[in-house]
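**Student:**
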Amino acid sequence: MRPSRRTLLTAATAAAASLTPSAAEARGHRRTGFENLAASGYEPLHGQRIGIVTNPTGITRDARHIVDVMHADSRVDLRAVFGPEHGFRGTAQAGGSEGRYDDPATGLPVYDTYLKSGRPLADVFTASGVDTVVFDIQDVGARFYTYIWTLYDCMEAAQLAGKRFVVLDRPNPATGRAALGPVLHKEFATFVGRQPIAQAHGMTVAELARLFNGEFLTEPVPLETVPMSGWKRSDFYDASGLPWVPPSPNMPTPDTALVYSGTCLFEGTNLSEGRGTTRPFELLGAEGVDRRWAAAANELALPGVRFREAYFAPTFSKFQGKTVGGVQVHVHDRATFDPVRTGIALLVTAKRVWSGFAWRPDHWIDKLTGSARVRTMIDAGADTDEVVAGWQEDLAAFRRMRRKYLRYR
Numbered sequence: 026m027r028p029s030r031r032t033l034l035t036a037a038t039a040a041a042a043s044l045t046p047s048a049a050e051a052r053g054h055r056r057t058g059f060e061n062l063a064a065s066g067y068e069p070l071h072g073q074r075i076g077i078v079t080n081p082t083g084i085t086r087d088a089r090h091i092v093d094v095m096h097a098d099s100r101v102d103l104r105a106v107f108g109p110e111h112g113f114r115g116t117a118q119a120g121g122s123e124g125r126y127d128d129p130a131t132g133l134p135v136y137d138t139y140l141k142s143g144r145p146l147a148d149v150f151t152a153s154g155v156d157t158v159v160f161d162i163q164d165v166g167a168r169f170y171t172y173i174w175t176l177y178d179c180m181e182a183a184q185l186a187g188k189r190f191v192v193l194d195r196p197n198p199a200t201g202r203a204a205l206g207p208v209l210h211k212e213f214a215t216f217v218g219r220q221p222i223a224q225a226h227g228m229t230v231a232e233l234a235r236l237f238n239g240e241f242l243t244e245p246v247p248l249e250t251v252p253m254s255g256w257k258r259s260d261f262y263d264a265s266g267l268p269w270v271p272p273s274p275n276m277p278t279p280d281t282a283l284v285y286s287g288t289c290l291f292e293g294t295n296l297s298e299g300r301g302t303t304r305p306f307e308l309l310g311a312e313g314v315d316r317r318w319a320a321a322a323n324e325l326a327l328p329g330v331r332f333r334e335a336y337f338a339p340t341f342s343k344f345q346g347k348t349v350g351g352v353q354v355h356v357h358d359r360a361t362f363d364p365v366r367t368g369i370a371l372l373v374t375a376k377r378v379w380s381g382f383a384w385r386p387d388h389w390i391d392k393l394t395g396s397a398r399v400r401t402m403i404d405a406g407a408d409t410d411e412v413v414a415g416w417q418e419d420l421a422a423f424r425r426m427r428r429k430y431l432r433y434r
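The sequence shown begins at 26 in the numbering used here and counts up one residue at a time.
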């Protein structure tokens with residue numbers, strides 16, 4: 026008899042709770058899901074052939090990769106690695122992957138998951154010969170960052186292939202204080218947003234896995250989540266004590282992750298989002314933009330952030346090799362900064378002060394924001410407050426749904 030959704034979710038919650046080292050939590054020690062898994066002697070993996078979905082961010086506190094650690098441990102029967110966008114070892118740029126190969130360090134087969142979902146991805150899991158698929162990738166907290174949809178696709182494929190699924194948790198570097206921004210409308214679903222969640226979801230990957238299993242998967246996968254200990258929803262990444270490994274080539278620092286859920290919206294415009302600079306998503310601009318943009322943005326007195334007139338020459342992507350004008354985003358109070366509202370304010374002011382402003386012809390902005398509403402409101406002359414007001418009803422509904430899957434205080 027197939028276990029019910031309720032049975033699976035209850036079992037997953039109980040398993041997760043049993044793996045939390047309460048003594049360490051009481052002392053305020055912070056541990057990732059992998060650290061708690063290792064502290065348990067890899068108990069959830071005993072007797073299982075293991076494959077792991079990971080990338081360069083799957084590291085220990087002393088900067089060793091968990092694949093190398095697990096491969097060297099006789100208690101783990103590690104059989105395969107599954108690489109997402111940018112690849113397992115992180116050699117590919119945006120929109121690329123490493124393909125199928127054998128990892129030189131461990132000899133393990135590495136399978137490519139990028140742009141695979143459903144039955145084709147289930148067939149990859151079947152071909153690998155594993156019993157349990159483990160997921161450990163550092164997210165950055167934005168709906169359009171594709172690793173959470175790799176998580177979703179892998180959960181769905183594991184269910185189709187009859188595999189168990191284990192998620193090892195890591196911090197949300199933008200904190201887990203609140204969900205912010207517009208919620209995806211299903212007709213705009215793509216790999217930068219499979220399901221209706223908020224633009225800045227304010228959840229960890231393990232919390233998202235529980236939400237996906239409970240709300241969106243047609244059939245739930247047998248799921249276990251290994252939580253962190255000592256992490257608080259108000260914690261920024263530096264509180265974790267973990268080294269920062271760029272989850273993708275244009276996410277160089279936790280500061281990037283802090284602004285990304287708002288300023289990534291410039292990917293949907295003809296302005297540079299700072300790719301090809303040392304401060305992607307903090308530097309924004311285009312040819313013909315001048316000091317008026319920074320002045321207009323500063324006049325809004327947005328909480329926690331200031332804007333500096335800036336000039337830069339991207340080494341690749343938009344405006345490669347050309348000097349462009351724009352702004353640099355300077356967050357001076359992380360606790361009050363709202364990245365999504367800031368991103369909208371920058372779009373509104375850019376359109377107002379620069380006559381050359383245009384959306385990408387494919388309306389990519391609609392995929393990023395989750396509907397046509399932001400684009401059409403800005404085109405109609407709406408100000409920042411009016412645009413933000415337009416998504417509040419959807420956001421309130423998502424926050425209610427989200428609440429029952431939160432694991433941390």
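For every residue, glycine included, the Cβ atom is placed at its ideal position computed from N, Cα and C.
For Y139 versus E110, is the C-beta spacing smaller than 9 Å?
**Tutor:** yes
**Student:** Quick one: measure Cβ to Cβ for V165 and M276, integer angstroms, because I've assumed they're closer than 8 Å.
**Tutor:** With a Cβ gap of about 6 Å, V165 and M276 count as contacting.
**Student:** What residue range is occupied by the uninterrupted beta strand (DSSP E) comprising D263?
**Tutor:** From DSSP, D263 is part of no beta strand (DSSP E); its letter is neither H nor E.
**Student:** Hey, is G124's beta-carbon within less than 9 Å of any beta-carbon in chain B?
**Tutor:** The question asks about chain B, but that chain is absent: this structure has only one protein chain.
**Student:** Determine the closest residue to Y170 out of A88, T215, A422 and D102, with distance taken between C-alpha atoms.
**Tutor:** T215
**Student:** Per DSSP, H355 is paired with what?
**Tutor:** R331
**Student:** Please report the distance separating the alpha-carbon of M426 from that of T302.
**Tutor:** 38 Å
**Student:** May I have the straight-line CA-CA distance separating R316 from G406, to the nearest angstrom?
**Tutor:** Straight-line Cα distance between these residues: approximately 22 Å.
**Student:** Using the Cα positions of L242 and N80, report the straight-line distance between them to the nearest angstrom.
**Tutor:** 24 Å
**Student:** Would you report the Cα separation of E19 and A204, rounded to the nearest angstrom?
**Tutor:** Since the displayed the chain opens at 26 and closes at 434, residue 19 lies outside it and no answer follows.
**Student:** By how many angstroms is the C-alpha of D98 removed from the C-alpha of Y383?
**Tutor:** First, the residue type needs correcting, since residue 383 is Ala and not Tyr in the sequence shown. Whole-angstrom Cα-Cα distance: 54 Å.
**Student:** With a floor of 4 residues, list each alpha helix (DSSP H) that falls wholly inside the region 277–305, ordered by position along the chain.
**Tutor:** 279–288
**Student:** Check whether the Cβ atoms of F261 and P279 lie closer than 9 Å to each other.
**Tutor:** F261 is a Cβ neighbour of P279, given a cutoff of 9 Å.
**Student:** Taking a contact to mean a Cβ-Cβ separation below 9 Å, would you say T394 touches G206 in this structure?
**Tutor:** It is a contact, given that the beta carbons lie within the stated cut-off.
**Student:** Helix or strand or just coil, what does DSSP make of I77?
**Tutor:** strand
**Student:** What distance in whole Å lies between the Cβ atoms of F150 and V158, which are believed to be in contact at a cut-off of 8 Å?
**Tutor:** With a Cβ gap of about 6 Å, V158 and F150 count as contacting.
**Student:** In the DSSP assignment, find the beta strand (DSSP E) that holds G310 and state where it starts and stops.
**Tutor:** L308 to A311
**Student:** Enumerate in chain order the residues of its own chain whose CB-to-CB distance from D137 is below 6 Å, with the five nearest sequence positions on each side excluded.
**Tutor:** Annotation for D137: G108, S122, G124 and R125 place their beta carbon closer than 6 Å to its own, counting only its chain and skipping 5 residues before and after.
**Student:** What do you reckon, are the CB atoms on A295 and G381 nearer than 9 Å?
**Tutor:** Here residue 295 turns out to be Asn, not Ala, going by the sequence shown. Their beta carbons are under 9 Å apart, which means N295 touches G381 by this criterion.
**Student:** Which word fits F423, buried or exposed, when buried means at least 16 other C-beta atoms lie within 10 angstroms of its C-beta?
**Tutor:** buried
**Student:** My parser needs the beta strand (DSSP E) runs of 3 or more residues fully inside the region 228–257; what are they?
**Tutor:** 248–251
**Student:** Check each candidate in M402, F113 and P129 and name the one with the smallest Cα separation from T175.
**Tutor:** F113
**Student:** Indicate the three-state DSSP secondary structure (helix, strand or coil) for Y126 in the structure shown.
**Tutor:** strand
**Student:** Quick check on P328: buried or exposed, where buried means 16 or more other Cβ atoms within 10 Å of its Cβ?
**Tutor:** exposed
**Student:** For I84, which of helix, strand or coil comes out of DSSP?
**Tutor:** strand
**Student:** Between R467 and G313, what straight-line distance do the alpha-carbon atoms span, to the nearest angstrom?
**Tutor:** Because residue 467 is not part of the residues shown, which for the chain are 26 to 434, the question remains open.
**Student:** Mark Q456 as exposed unless 16 or more other C-beta atoms lie within 10 angstroms of its C-beta, in which case mark it buried.
**Tutor:** Lying before the first or after the last residue shown, residue 456 is absent from the chain, which here runs from 26 to 434.
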